[in-house]
Amino acid sequence: MKWIYGKQELKNLERGQENCYLLTNGLGGFSSMTMTGSVARNDHALLMACVQAPNHRYNMVHRLKESLCLGEEEIVLSSQEFADGYKEEGCPYLSSFVFDDMPIWRFLVQGVEIRKEIAMKQGENTVAVRYSIRNRSRKPAELKIVPFYQFTAKGSEPEL
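Residues in the sequence shown are numbered consecutively from 0, following numbering that gives the first Met the number 0.
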């Protein structure tokens, strides 16, 4: 079944966190986040690896911070709500979220289109993220991605 969400479902962070995607690797590992790309629950992660089936899982790659630099301006595309109240709110730039065989996000920022896809390899604790960028603006554009690693057991907090 194909799920398609547009601007009306993605207009703010609260609305965008109502639905999640789930990809599995057949080993007990998974990738699961909200349709805004945020991690809203303690079992969300870009890569939750399973080192011993069925339930010895480790949060390896927690999330990604994504931003687009257009000239001198940096625009945050990722969405995340933090415990201290700070929010990354890239939701207004999301034009769609589609889930068919894999989750696909489409962003539109001042004439720059960004497509993000996530896939998992069956039988491996591997996740792939692919970005396609089409720059129709006349400004130089640079996409910045910062991964946040956790390396903790599922449901645990990292040590400080």
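We treat Cβ as the ideally placed atom computed from N, Cα and C, and that holds for glycine.
>> Buried or exposed for TYR92, going by 16 or more other Cβ atoms inside 10 Å?
In response: buried
> If you drop the 5 nearest sequence neighbours on each side, which residues of the same chain put their C-beta closer than 7 Å to that of ASN58?
Replying inline: ALA44, MET47, GLN149, THR151, LYS153
> Are the beta-carbon atoms belonging to THR35 and PHE29 less than 8 Å from one another?
Replying inline: no
> With burial defined as no fewer than 16 other Cβ atoms inside 10 Å of the residue's Cβ, what is the status of LYS115: buried or exposed?
Replying inline: buried
> Looking only at DSSP bridge pairs, what is VAL97 linked to?
Replying inline: ILE3, ILE103
> Got a sec? Which residues, its chain only, sit under 7 Å from ASN11 by beta carbon, not counting five neighbours each side?
Replying inline: CYS90
> So, are the CB atoms of GLY25 and GLY122 less than 8 Å apart?
Replying inline: yes
> Measuring CA to CA, which of GLU156, GLN109, LYS120, ASN124 is closest to VAL75?
Replying inline: GLN109
> For ASN18, which residues from the same chain have a beta carbon less than 6 Å from its beta carbon, with the 5 sequence-adjacent residues on both sides left out?
Replying inline: MET34
>> I need the boundaries of the alpha helix (DSSP H) containing ARG14, first residue and last residue.
In response: 12–15
> When the Cα of ASN134 is compared with those of LYS6, LEU67, ARG14, MET0, which residue comes out closest?
Replying inline: LEU67
> With which residues is THR33 paired in a DSSP beta bridge?
Replying inline: CYS19
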